[in-house]
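A short write-up of the structure that comes next.
Protein chains: 2
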Amino acid sequence: MSTIETDLLNIKQAAQFLNVSEISIRRWTDSGKLSCLRIGGRRERRFKQQDLTNFLEVQSRSELDVRGVKGVADDKVTKIFLEGIAIDYGNHLCSLYETDIGRVKLSVPFLADGLRAGDKCFLVATKATQKVILDALSETYPATSSDIANSRLILSDGMTTSDGFYDYLEHHFLQSSRQGDQYMRVLGDMAWAIDMGMSTDDLMSFEMRYNHSLAKKFAVVSLCQYDSRKFTGTEIVKALKTHEDTFQFPLSRFVGF
Amino acid sequence: MSTIETDLLNIKQAAQFLNVSEISIRRWTDSGKLSCLRIGGRRERRFKQQDLTNFLEVQSRSELDVRGVKGVADDKVTKIFLEGIAIDYGNHLCSLYETDIGRVKLSVPFLADGLRAGDKCFLVATKATQKVILDALSETYPATSSDIANSRLILSDGMTTSDGFYDYLEHHFLQSSRQGDQYMRVLGDMAWAIDMGMSTDDLMSFEMRYNHSLAKKFAVVSLCQYDSRKFTGTEIVKALKTHEDTFQFPLSRFVGF
DNA sequence: AACACATGATTAACAAAGATAAGTATTGAT
DNA sequence: ATCAATACTTATCTTTGTTAATCATGTGTT
Chain A
1 MSTIETDLLN IKQAAQFLNV SEISIRRWTD SGKLSCLRIG GRRERRFKQQ DLTNFLEVQS
61 RSELDVRGVK GVADDKVTKI FLEGIAIDYG NHLCSLYETD IGRVKLSVPF LADGLRAGDK
121 CFLVATKATQ KVILDALSET YPATSSDIAN SRLILSDGMT TSDGFYDYLE HHFLQSSRQG
181 DQYMRVLGDM AWAIDMGMST DDLMSFEMRY NHSLAKKFAV VSLCQYDSRK FTGTEIVKAL
241 KTHEDTFQFP LSRFVGF
Chain B
1001 MSTIETDLLN IKQAAQFLNV SEISIRRWTD SGKLSCLRIG GRRERRFKQQ DLTNFLEVQS
1061 RSELDVRGVK GVADDKVTKI FLEGIAIDYG NHLCSLYETD IGRVKLSVPF LADGLRAGDK
1121 CFLVATKATQ KVILDALSET YPATSSDIAN SRLILSDGMT TSDGFYDYLE HHFLQSSRQG
1181 DQYMRVLGDM AWAIDMGMST DDLMSFEMRY NHSLAKKFAV VSLCQYDSRK FTGTEIVKAL
1241 KTHEDTFQFP LSRFVGF
């Protein structure tokens, strides 16, 4: 654990990395196209390698470029927007809800926007929850059922262990990447794990494993939603702790629907 | 599930991690902007990775906000420092802990710093919890018992309803203000309410009432800590929602000790 | 070819970060 | 026990990243 992750580049290094001028880097960060961190009283820019690689477009990206049609092709490639908040690919977030309406409040726009943007989407939930979310999704996004048929939206099926879940996602992520689907979204309704008989310890160790590998290696936004009615206080706290990415956003947007 | 914070970085590693010079690290720690631990007779600096990542600001914040905070950073009259974070008087925060050690992790420095700074401090908790906190407090702040005798530190006593709690605080706040104690701190260990037989609904309505009146009208920093083992998931979520001030800070500092 | 627009270059002023040096004291190793 | 390396503090001085403005160059599109 001694390797210091020196993956924070300053603006000069970032400019070299992308082979552009520092001025462009400044403009891109100012306009929000490229995300960066700030440090110190001079508010110097620091860049995560992944944010820079995310910023690079992939030449071989999908045949039908949904983004291109809308003319926003170059603008929002590195981010998604959820509830007006810009979220980079690579983030692994959680949200907490406490009503049946809350279950679809974030999940539906998250998936609908993803499908519209051409992202490969995954819905991990029990059959019953899948039905609730898909019904609501169909209302705002009529192409839902055809997207399921086309495997643009993939429904979880049959996984009963956290390791199985991990393998499932890794397999699909690799496969999607090979097929040119670089941008992905995962929505997990984590009460699913409980209903599958997983212990919450199991679930948390999955979250940690996922957090350090899959979530960061692929251009995927992962949103894990927790039904606060089905977890204890300590479990909710653990859920928050295993989704540290969430803390950089206004948490009130993700808590308590 | 331990993920021990075994990796304390020295100043060289910290500088490498943030991609800055050691001199800047020294300046930031000296001014209290970046928190660090000290060790040995040479008082060497040691850094938690968590603290370092917290020091990085997210670009999304409007530059005006950041400027404002920085600009008055020297003006310590309007702020306190907890875990290296500047907190304005008027804030009403919550923290979540899940171990007996976590109970004193934030509360003790919060009160110790307050007493050292001459703030009028209030400790609201059951007798048993009071004893635990006061024992730990006495170790780092020897004048604890004399401050209790002098009414610099006031211990809750005998309140059994949320309205009674509110009246109690209002009375003391007014009295303290009249006596020239403008700056105050309240530490509430909210499992106290449960042990007093309050319902969590009662507790939450108190929090909301407090949030909109006392907490904002007086120069008081209020820290409500919740033992996540004694509350349900939904209750924890409600606790978060009734302490929105918390969301403007790096939540990882307040969650899960 | 003409156009619109993104990128690069240049300037300015300011404050913060970096570099350097001197002097102490603690560590860690021989 | 000794000694060199390290980290600390304090101080001064130089360099750099920041914003903002304007202009020139280059790119891709129609």
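Chains as they are written, first to last, in this note's numbering: chain A, 1 to 257; chain B, 1001 to 1257. Beta carbons: idealized from backbone N, C-alpha and C, even for Gly.
query	result
Where Arg-1067 of chain B falls: helix, strand or coil (DSSP)	Model confidence at Arg-1067 of chain B stands at a pLDDT of 31, short of 50, so the residue's coordinates are unreliable; what they give is reported in the following sentence. Arg-1067 of chain B falls in the helix class under three-state DSSP.
Same chain only: Cβ atoms within 8 Å of Leu-115 of chain A, ignoring 5 sequence neighbours per side	Cys-121, Tyr-141, Ala-143, Thr-144, Asp-147, Arg-152, Leu-153
Inter-stretch contact (C-beta, 8 Å, three-pair minimum) for the segment 191-198 of chain A and the segment 1200-1218 of chain B	no
Meets three-Cβ-pair contact criterion under 8 Å: the segment 118-132 of chain A and the segment 233-243 of chain A	no
Range of the contiguous beta strand (DSSP E) that encloses Phe-1047 of chain B	1044-1048
Val-20 of chain A versus A:Phe-218, A:Leu-56, A:Gly-41, A:Leu-111, residue with shortest Cα-Cα distance	A:Leu-56
Local conformation of Gln-1276 of chain B per DSSP, three classes	This structure does not reach residue 1276 of chain B, given that chain B is present from 1001 up to 1257, and the question cannot be answered.
Within-7 Å CB hit, Gln-1179 of chain B to chain A	no
Proximity test, Cβ basis, 7 Å: Leu-1008 of chain B and chain A	no
Continuous alpha helix (DSSP H) stretch holding Arg-103 of chain A: start and end	100-105
Cβ shell of Val-220 of chain A (< 8 Å), same chain only, five flanking positions each side left out	Tyr-89, Gly-90, Phe-173, Tyr-183, Met-184, Arg-185, Val-186, Leu-214
Near-chain B residues of the segment 230-243 of chain A - C-beta to any C-beta below 8 Å	Lys-230, Phe-231, Thr-232, Gly-233, Thr-234, Glu-235, Ile-236, Val-237, Lys-238, Leu-240, Lys-241
Proximity of Ser-95 of chain A and Gln-16 of chain A at Cβ, strictly below 7 Å	no
Proximity below 7 Å, CB of His-1092 of chain B to CB of Ser-1222 of chain B	yes
Chain A within 7 Å of Leu-1251 of chain B, Cβ atoms only	yes
Unbroken beta strand (DSSP E) run spanning Ser-31 of chain A, endpoints	Taken as a continuous stretch (DSSP letters only), Ser-31 of chain A belongs to no beta strand (DSSP E), as it is neither H nor E.
Proximal residues of chain A, C-beta to C-beta of Glu-1022 of chain B below 9 Å	Those do not exist, as Glu-1022 of chain B stays about 13 Å from chain A at its closest Cβ, beyond 9 Å.
Test: Val-1058 of chain B CB closer than 7 Å to a CB of chain A	yes
Supposed close pair Asp-189 of chain A, Val-104 of chain A - CB separation, criterion 8 Å	The pair is not a contact, with the Cβ atoms about 10 Å apart (cut-off 8 Å).
Closest Cα partner of Trp-28 of chain A within the set A:Gly-41, A:Ala-14, A:Gly-40, A:Ile-39	A:Ala-14
Counted within 10 angstroms of its Cβ, other Cβ atoms place Arg-1045 of chain B as buried (16 or more) or exposed	buried
Cross-chain neighbours of Ser-156 of chain A in chain B, by beta carbon under 8 Å	In chain order: nothing, as chain B lies at least about 22 Å away.
Interface residues of chain A facing Glu-1207 of chain B [CB-CB closer than 8 Å]	What Glu-1207 of chain B touches in chain A: nothing, since even the nearest Cβ is about 13 Å away.
Cutoff 7 Å: Ser-1228 of chain B Cβ touching any chain A Cβ	yes
Exposure label - Asp-181 of chain A; buried when at least 16 CB within 10 Å	buried
Identity of the residue in B:Tyr-1166, B:Gln-1175, B:Phe-1249 nearest His-1212 of chain B by Cα	B:Tyr-1166
Ile-80 of chain A at chain B interface by Cβ criterion, 7 Å	no
Limits of the alpha helix (DSSP H) - the one that Val-132 of chain A falls within	127-140
Chain A contacts from the segment 1093-1112 of chain B (Cβ-Cβ distance under 9 Å)	Leu-1096, Tyr-1097, Glu-1098
Buried/exposed call for Gly-41 of chain A, threshold 16 Cβ in 10 Å	exposed
Where the segment 29-46 of chain A meets chain B: residues whose CB sits under 7 Å from a CB there	Thr-29, Ser-35, Cys-36, Leu-37, Arg-38, Ile-39, Gly-40, Gly-41, Arg-43, Arg-46
Which of helix, strand or coil DSSP assigns to Arg-1038 of chain B	strand
Boundaries (first-last residue) of the beta strand (DSSP E) holding Phe-1081 of chain B	1079-1082
In DSSP terms, what Ala-86 of chain A is bridged to	A:Phe-81
Exposed unless 16 or more other CB atoms sit within 10 angstroms - verdict on Ile-1133 of chain B	buried
Pairwise C-alpha distance: Gly-32 of chain A and Leu-1034 of chain B	26 Å
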